[in-house]
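Below is one structure, written out as structure tokens; the observations come after it.
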Amino acid sequence: MEAGAFGILAREMKCEKCHKAEAETVIHANENGRDREYYVCKACAAESERRRKAAARKGRGKPRAGLSLTINALPENMVPPPVLDALMSATADLMGSLAGRADAAARKEDIKCKVCGHTWEDYSESGLLGCPACYHAFREKLEDRLRKVHVATSCGGKVPLHRSGEAVRKSIEKRMAEAVAAQDFEEARRLRDQLSGLDGGDGVKEGE
Amino acid sequence: MKLHAPKRPPHPYPALDVSDVCFMSGACLLRNLAGRPFPTKYHDPDKEKEFQRADGEICKAAGEPFPDGTRFTRVQPPHPHGLVGYFARLMHLNAADACDELAMNPFVSSATPFEFIFSCHSDHLAIARIAPGTDVEGPAMRVAVLEETLSRRLNFAWDSSLGFLTSSPDSVGTGFKAFRMMHLEGLHEIGELEASLHGLAAMRIKVRSVELDGFNGAGHIFMLSNGRTLGLSESELLAGFQAATDALAEQEINARMRLAGELNIVLSDTVRRAIAIMQNCRMISTTEALDVLSPVRMAASMGFVSGASLEELDRAMLGISPDSGEAAGMTPDECDAADAARATELRPLAMRLAPNVRGRRSLQ
Ligand SMILES: [Zn+2]
Ligand SMILES: [Zn+2]
């Protein structure tokens, strides 16, 4: 390329990774918790994408629970002076309890579906659930996602044939009672409409 | 929020319509068998029996004749190549991939082309109708009819609060997806593509683009589908999707008309450069091939370029497989060879291309 011939200096930036090819795109990297932008060439962008995917597959790059780093880093043959020793053991206790708490939190965090064994972490990685029962196991945690994607948390669509009739009526009535008890009158009204729709229909009903 | 769709300015060329902007359309219903793990779990070796049972059940149900006489027969799922295959993979609607991974797979196809019942990566059943053209309503009604028959033969996972349960919470409720594959080169050239795509996001239309080598939106071909599946009925979802994508098509047509008129020099420059690259290149990557075919295909739809039919250009464009190359595990040498082969393949077509009489006046 003719240097500066057409005043296109901006295009002559070298790739920040290989420093050979022209930078043509920007990638975002997270380094030590900080977001950074790199202007890179096509090849380096592709390489970065491959690495990101590989890391995601292996589950690397995730923050880990537990804080055991500094205490164990001391070489074994080094004898700490008494004051430092006391300080360190106190710190170790504190860290141990912190790590324990973090572990417990992580364990509690990772809810498991009793039917298929799918964990919340499995879902977080793939975006996919393991079986119909997962919806109940993760109900609370899924609400945010449902609200974000669908703006709604309950269905307004078709009711399957085999579930029409008594089964559906019973389940709707139960949920209506729950909604009234929780003073969620909007939901109760919606369910009431769904019920009245069942009366006239042939079992296949389009929601409101 | 509504997409801004002003009236089309008057123009001396044959009117463009949605079909000039939309490659193909379709609809799909996702269903799962009640009380069974989703195909996401089949990778567990101990779940293999579960899979075979589901497989047998689905094939039996789909193999019986349908009330209107339609018959689905079990066939080996084709490996869809090109852009359609690429998007099918992005949308988790690729039966062939699932088949490879899961060793066996129910995939049935009707005698009428474009209708399929298959297992995908994530869900037991995808009942789909995908066809060239702009119609989403026909396919949506058709898959609903097929689903109703299947629902008499199979017990689908359903919850009175959440509706049909799918392996992704993003398709739970109706499990209904309408889609259109659209070509938005005009909006890109006038610099309004991003704003239009943002408008779609606000209306919860999901946009998928060709992503390659860190570049996004190669060829300015996008697969649009409804992002919401819960809280509204199938017909409301369909109506919303159709209105949003129709408005987008209108915007794209307006952009093309502006390019034919006041922004003529932009169009002329892009098209002439693209033809020159195609005629002279000796190596061309998938990204670049899509990027040069895109303006040429647009100009051809506007009647400015002769030498190749729109169908030919569509075939050339849709035949490009964005997920080949290094991403597919090819060595750099193999990639170079593929790029060279692509250039050789495109050249004869490119040599025939030229702005026609109308184009010569318009593409100054
Ligand atoms: Zn580089
Ligand atoms: Zn489960």
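Order-wise, the sequence lines are chains A and G.
The numbering of the first sequence is the working numbering, which starts it at 5 and goes up by one.
The numbering of the second sequence is the working numbering, which starts it at 995 and goes up by one.
Glycine included, every Cβ here is placed at the ideal spot set by N, Cα and C.
Values in this document were obtained by computation on a predicted structure and should not be read as measured data.
_For LYS4 of chain A, three-class secondary structure by DSSP_ = Coverage of chain A is limited to positions 5 through 212, which leaves residue 4 of chain A absent and any answer about it impossible.
*Which ranges would you report for the beta strand (DSSP E) in the segment 1188 to 1249 of chain G if only whole runs of at least 3 residues count?*
1199 to 1203 and 1215 to 1220
*Unbroken stretches of the alpha helix (DSSP H), 4 residues or longer, contained in the segment 142 to 198 of chain A*: 143 to 154 and 170 to 185
*ASP1153 of chain G by DSSP, collapsed to three states: which one?*
strand
*Please write down, chain order preserved, every residue whose beta carbon lies under 5 Å from a heavy atom of ligand 2.*
A:CYS117, A:VAL119, A:CYS120, A:HIS122, A:GLY134, A:CYS135, A:ALA137 and A:CYS138
*Using CA coordinates, which residue listed in G:VAL1069, G:SER1116 and G:ASP1240 is at the minimum distance from GLU1109 of chain G?*
Checking every option, the nearest Cα to that of GLU1109 of chain G belongs to G:VAL1069.
_Beta carbon of PRO1033 of chain G nearer than 9 Å to that of PHE1045 of chain G_ = yes
*Closest Cα partner of ALA1254 of chain G within the set G:VAL1012, G:ALA1344, G:ALA1293 and G:GLY1211*: G:ALA1293
*Output, in sequence order along the chain, the residues in the segment 1213 to 1226 of chain G whose CB is closer than 8 Å to any CB in chain A.*
Listed by position, the residues of the segment 1213 to 1226 of chain G near chain A (Cβ gap below 8 Å) are GLY1221, ARG1222, THR1223, LEU1224, GLY1225 and LEU1226.
*Just tell me which of G:ALA1249, G:ARG1123, G:LEU1148 and G:GLY1193 has its CA closest to the CA of ILE1184 of chain G.*
G:ALA1249
*For ILE176 of chain A, go through chain D and note every residue whose CB falls closer than 7 Å to its CB, in chain order.*
Absent from the structure: chain D. Protein chains present are A and G.
_Which of the three DSSP states is assigned to LEU1140 of chain G in this structure?_
helix
*Cβ-based neighbour list, ARG193 of chain A, same chain, cut-off 8 Å, excluding 5 preceding and 5 following*: none
*Starting from PHE1045 of chain G, trace the alpha helix (DSSP H) both ways and give me its first and last residue.*
1042 to 1057
_Within chain G, partners of ALA156 of chain A - CB distance below 9 Å_ = GLY1167, ARG1222, LEU1224, GLY1225 and LEU1226
*Using alpha carbons as the reference points, say which of G:ASP1164, G:ALA1125 and G:ARG1267 lies closest to SER130 of chain A.*
G:ASP1164
_Backbone CA spacing between LYS1171 of chain G and CYS159 of chain A [nearest angstrom]_ = 15 Å
*Just the chain G side, please: which residues come within less than 8 Å of HIS23 of chain A by C-beta, in chain order?*
The contacting residues do not exist; HIS23 of chain A stays about 17 Å from chain G at best.
*From the DSSP output, in three-state form, read off ILE1259 of chain G for me.*
helix
*Mind checking GLU177 of chain A: buried by the 16 CB within 10 Å criterion, or exposed?*
exposed
*asked:* So, under 8 Å CB-CB, ARG1198 of chain G and ARG1174 of chain G are touching, yes? Tell me the CB distance rounded to an integer number of Å.
replied: Incorrect: roughly 15 Å between the Cβ atoms, too far for contact.
*Would you check if there are 3 or more beta carbon pairs closer than 8 Å linking the segment 1130 to 1138 of chain G to the segment 1180 to 1196 of chain G?*
no
*Which residues mark the beginning and the end of the beta strand (DSSP E) in which CYS1114 of chain G is found?*
Where CYS1114 of chain G is concerned, there is no enclosing beta strand (DSSP E), given that its DSSP letter is neither H nor E.
*For the beta strand (DSSP E) holding LEU1023 of chain G, just list the boundary residues, first then last.*
1016 to 1025
*Can you tell me whether ALA1189 of chain G is buried or exposed, with buried defined as 16 or more other CB within 10 angstroms of its CB?*
ALA1189 of chain G comes out exposed.
*Out of G:ARG1030, G:PHE1017, G:PRO1349 and G:LEU1343, point me to the one whose CA is closest to LEU133 of chain A's CA.*
Of G:ARG1030, G:PHE1017, G:PRO1349 and G:LEU1343, the residue nearest in Cα terms is G:ARG1030.
*Mind checking who HIS1177 of chain G pairs with in its DSSP beta bridge?*
G:ILE1215
*From the beta carbon of VAL119 of chain A, is the nearest beta carbon of chain G less than 9 Å away?*
Closer than 9 Å to some Cβ of chain G, the Cβ of VAL119 of chain A qualifies, so yes.
*Any idea what DSSP makes of ARG1266 of chain G, helix, strand or coil?*
helix
_Exposure label - LEU1077 of chain G; buried when at least 16 CB within 10 Å_ = Counting other Cβ atoms within 10 Å of its Cβ, LEU1077 of chain G reaches 16 or more and is therefore classed as buried.
*Would you identify the three-state DSSP class for ARG1123 of chain G, choosing helix, strand or coil?*
ARG1123 of chain G: strand per DSSP, three-state reduction.
*How would you call PRO46 of chain A, buried or exposed, if buried means at least 16 neighbouring beta carbons within 10 angstroms?*
In the sequence as presented, Pro is not what sits at residue 46 of chain A; that position holds Lys. Counting Cβ neighbours within 10 Å, LYS46 of chain A comes out buried, since at least 16 surround it.
*Please list the residues of the segment 141 to 155 of chain A that have a C-beta atom closer than 7 Å to any C-beta atom in chain G, keeping them in chain order.*
Answer set for the segment 141 to 155 of chain A: LEU146, ARG149, LEU150, VAL153, HIS154 and VAL155.
*Among the residues of its own chain, which have a CB less than 6 Å from the CB of VAL1012 of chain G, if the five just before and after it don't count?*
Setting aside the 5 residues that flank it on each side, VAL1012 of chain G is surrounded in the same chain by THR1128 and ALA1243, each with a C-beta closer than 6 Å to its C-beta; the list follows chain order.
_Other residues of its chain near GLY63 of chain A: CB distance less than 8 Å, five sequence neighbours each side excluded_ = Any reading at GLY63 of chain A must be qualified, since the residue scores a pLDDT of 37, below 50, and its modelled position is unreliable; no value is offered.
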